[in-house]
Amino acid sequence: MAENEPLIIAFCCHYCAYAAADLAGSMRLQYPTNVRVLKLPCTGKLEVNYLLTAFERGVDGVIVAGCLEGGCHFLEGNLRARRRVERAREILGEIGLEPERVEMFNLSSAEGPRFAQIVTEMSTRLTKLGPSPLRPERTTLEEGVRELTLQAEANLSGEKHDRCQP
Amino acid sequence: MIVANRKNIREIRDMIKDHKRVLLVGCGTCVTVCLAGGERETGILGSALRMALKLDDREGVVVDECTIERQCDDAFIDALGSHGAEYDAICSFGCGAGVQALAERFPKTAVYPGLNTQFMGILEAQGVWTEKCSGCGNCRLGEFAGICPITRCSKRLFNGPCGGSRDGECEVREGLDCAWQLIYDRAREIGMLDKLESIATPHDWSSGLDGGTRKVVREDQCIAGLGPKA
Chain A
3 MAENEPLIIA FCCHYCAYAA ADLAGSMRLQ YPTNVRVLKL PCTGKLEVNY LLTAFERGVD
63 GVIVAGCLEG GCHFLEGNLR ARRRVERARE ILGEIGLEPE RVEMFNLSSA EGPRFAQIVT
123 EMSTRLTKLG PSPLRPERTT LEEGVRELTL QAEANLSGEK HDRCQP
Chain B
1112 MIVANRKNIR EIRDMIKDHK RVLLVGCGTC VTVCLAGGER ETGILGSALR MALKLDDREG
1172 VVVDECTIER QCDDAFIDAL GSHGAEYDAI CSFGCGAGVQ ALAERFPKTA VYPGLNTQFM
1232 GILEAQGVWT EKCSGCGNCR LGEFAGICPI TRCSKRLFNG PCGGSRDGEC EVREGLDCAW
1292 QLIYDRAREI GMLDKLESIA TPHDWSSGLD GGTRKVVRED QCIAGLGPKA
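Protein chains in written order, with this note's numbering: chain A, 3 to 168; chain B, 1112 to 1341.
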């Protein structure tokens, strides 16, 4: 991957976007390779701090991809996620980072081409915006994203942590 | 519960501008429930603040966060152990009582508020909190069918509504219920209208905010030698 190519994290719902990404692969669709997919049981699991932590690690953009509105497996997880994405955008604006670096998309599991289109669209947008001012050098960034993925997996598996350890 | 909302990031950033090591302390009680200063919100602010400082070229500043069960109780601050003293500033995400409890516990450390404490209230609907109690120290809810005219009437009237009550709404702000309409409706519902016929006596404000810090002492609960300061 080129040093200046944007790095994107995609938080994908297990029931739609993750399957759509899988389908995009099965269909041999071409889309930018700079996206790292992180599976969520539902976008309703997404918290604002997941998004902010991703930016803190230096990613250039974040995609949140959930089910079509009205089609959430857990009824309204995707609607809640949309509001959380809005809140994260407000906070990014408040600290001086472009809010358009994060966006919520809705798609169904049958929309492999749409997934490829979303990644391409975000990649183009982020290339235009330029790298995040918080971005470390490439290897540190990749390492940070890997760590983040592991952390998210641990959170999702319900691993306990001590909340009073700064 | 005590309801608060967070200060904006710029304000917090300005408060801590002279410090190199800052600990954000969340509180696991009221402000967690009102989604202002619990573990999650403190984490969000921690991330946002670290990014804001980095964007300001102040990368060397350490911002850590942790959350304790209850800031307003010194025994729970024990959970912080010696961590507090390792920082040159603490930003509390508790209510005003929490901020001051931390300041008392760490006398040599600067302590700042991360929240604006608003009121004592209840959860009206998901994400909406409304004020219900002013803590006047002399509760008279029994006289007013369980609805407080001090907190909920814009003019704090004790003897019926003013002329600004229109269709159950207060003239002061759109969407604000007229407390006296609520009092009347509820008194009628529970058969207490006769109580409203007598003139309510003036309120004893001496138990209120004026006259310095209020204190509640339960002698039977005090431990000898560890009693309250005179």
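Note that the Cβ used here is the ideal one computed from N, Cα and C, for glycine as well.
The beta strand (DSSP E) enclosing residue i, as first and last residue numbers
i         : result
B:Phe1187 : Here B:Phe1187 belongs to no beta strand (DSSP E); instead the alpha helix (DSSP H) covers Asp1185 to Ile1188.
B:Val1328 : Looking at the DSSP string, B:Val1328 is not in any beta strand (DSSP E), and its letter there is neither H nor E.
B:Gly1157 : B:Gly1157 -> not in any beta strand (DSSP E); alpha helix (DSSP H) instead, spanning Glu1150 to Leu1166.
A:Val50   : Careful: A:Val50 lies outside any beta strand (DSSP E), inside the alpha helix (DSSP H) at Val50 to Arg59.
A:Met106  : Val104 to Asn108
B:Lys1243 : Val1239 to Cys1244
A:Ala67   : Gly63 to Gly68
Cβ neighbour criterion (16 or more within 10 Å) applied to residue i
i         : result
B:Gln1332 : exposed
B:Ala1341 : At B:Ala1341 the pLDDT is 47, less than 50, meaning the model places this residue with poor confidence and gives no usable figure here.
A:Leu152  : exposed
B:Trp1316 : exposed
B:Gly1248 : exposed
A:Asn51   : buried
B:Thr1312 : exposed
B:Gly1302 : exposed
B:Arg1329 : exposed
B:Asp1305 : exposed
A:Glu113  : buried
B:Ala1163 : buried
A:Gly132  : exposed
A:Gly63   : buried
A:Leu99   : buried
A:Phe13   : buried
Neighbouring residues, chain B, relative to residue i (Cβ below 7 Å)
i       : result
A:Val50 : Ile1155
One or two residues paired with residue i in a DSSP bridge
i         : result
B:Asn1116 : B:Asn1227
B:Ile1179 : B:Cys1138
B:Asp1288 : B:Glu1280
B:Ser1203 : B:Val1136 and B:Pro1224
A:Lys41   : A:Cys14
B:Val1173 : B:Arg1132
B:Ile1233 : B:Thr1241
A:Leu77   : A:Cys74
Nearest neighbour of residue i, chosen from the options [CA to CA]
i         : options                                       : result
B:Lys1266 : B:Leu1307, B:Cys1289, B:Asn1249 and B:Asp1278 : B:Cys1289
B:Thr1178 : B:Gly1154, B:Arg1277 and B:Ala1115            : B:Gly1154
B:Ala1115 : B:Ser1318, B:Lys1326 and B:Gly1238            : B:Gly1238
B:Val1144 : B:Ile1113, B:Val1172 and B:Leu1226            : B:Ile1113
B:Leu1234 : B:Glu1215, B:Phe1187, B:Leu1146 and B:Ser1158 : B:Leu1146
A:Ser159  : A:Cys74, A:Glu145, A:Lys47 and A:Leu54        : A:Lys47
A:Asn36   : A:Gly27, A:Leu9 and A:Asp24                   : A:Leu9
A:Arg137  : B:Asn1270, B:Glu1170, B:His1314 and B:Met1231 : B:Glu1170
B:Phe1269 : B:Cys1202, B:Ile1294 and B:Lys1326            : B:Ile1294
A:Ile93   : B:Gly1157, B:Phe1204 and B:Gln1229            : B:Gly1157
B:Val1133 : B:Arg1161, B:Gly1253, B:Arg1121 and B:Leu1320 : B:Arg1161
B:Arg1121 : B:Val1136, B:Asp1167, B:Thr1140 and B:Cys1138 : B:Asp1167
B:Gln1182 : B:Ala1159, B:Gly1232 and B:Phe1217            : B:Phe1217
B:Glu1150 : B:Ala1159, B:Ile1127 and B:Glu1180            : B:Glu1180
B:Asp1129 : B:Phe1187, B:Glu1300, B:Ser1245 and B:Val1173 : B:Val1173
B:Lys1131 : B:Ser1276, B:Val1142 and B:Thr1220            : B:Thr1220
A:Ser134  : B:Arg1325, B:Gly1137 and B:Lys1165            : B:Lys1165
B:Glu1197 : B:Leu1135, B:Gly1319, B:Pro1272 and B:Asp1278 : B:Leu1135
Chain A residues whose Cβ lies nearer than 8 Å to that of residue i
i         : result
B:Asn1119 : Glu96
Extent of the continuous alpha helix (DSSP H) to which residue i belongs
i         : result
B:Gly1253 : Premise fails: B:Gly1253 is in no alpha helix (DSSP H) and is neither H nor E.
A:Ala118  : Gly114 to Leu131
A:Gly27   : Ala19 to Ser28
A:Thr142  : Arg140 to Leu158
B:Ile1261 : Pro1260 to Arg1263
Under 8 Å from the C-beta of residue i: neighbouring residues of chain B
i        : result
A:Ile93  : Ile1120, Ile1155 and Ala1159
A:Phe57  : Ser1158 and Met1162
A:Arg9   : Residue identity check: residue 9 of chain A is Leu in the sequence provided, not Arg. The contacting residues do not exist; A:Leu9 stays about 16 Å from chain B at best.
A:Leu131 : Per Cβ cutoff of 8 Å: no residues; A:Leu131 is ~15 Å from chain B at best.
Contact set between residue i and chain A, taken where Cβ atoms lie within less than 9 Å
i         : result
B:Leu1166 : Ile97, Gly98, Leu99, Pro135 and Leu136
B:Arg1151 : Glu49, Val50 and Asn51
Contacts of residue i in chain B (Cβ-Cβ under 9 Å)
i       : result
A:Leu81 : Within 9 Å Cβ-Cβ: nothing; A:Leu81 doesn't reach chain B, min ~12 Å.
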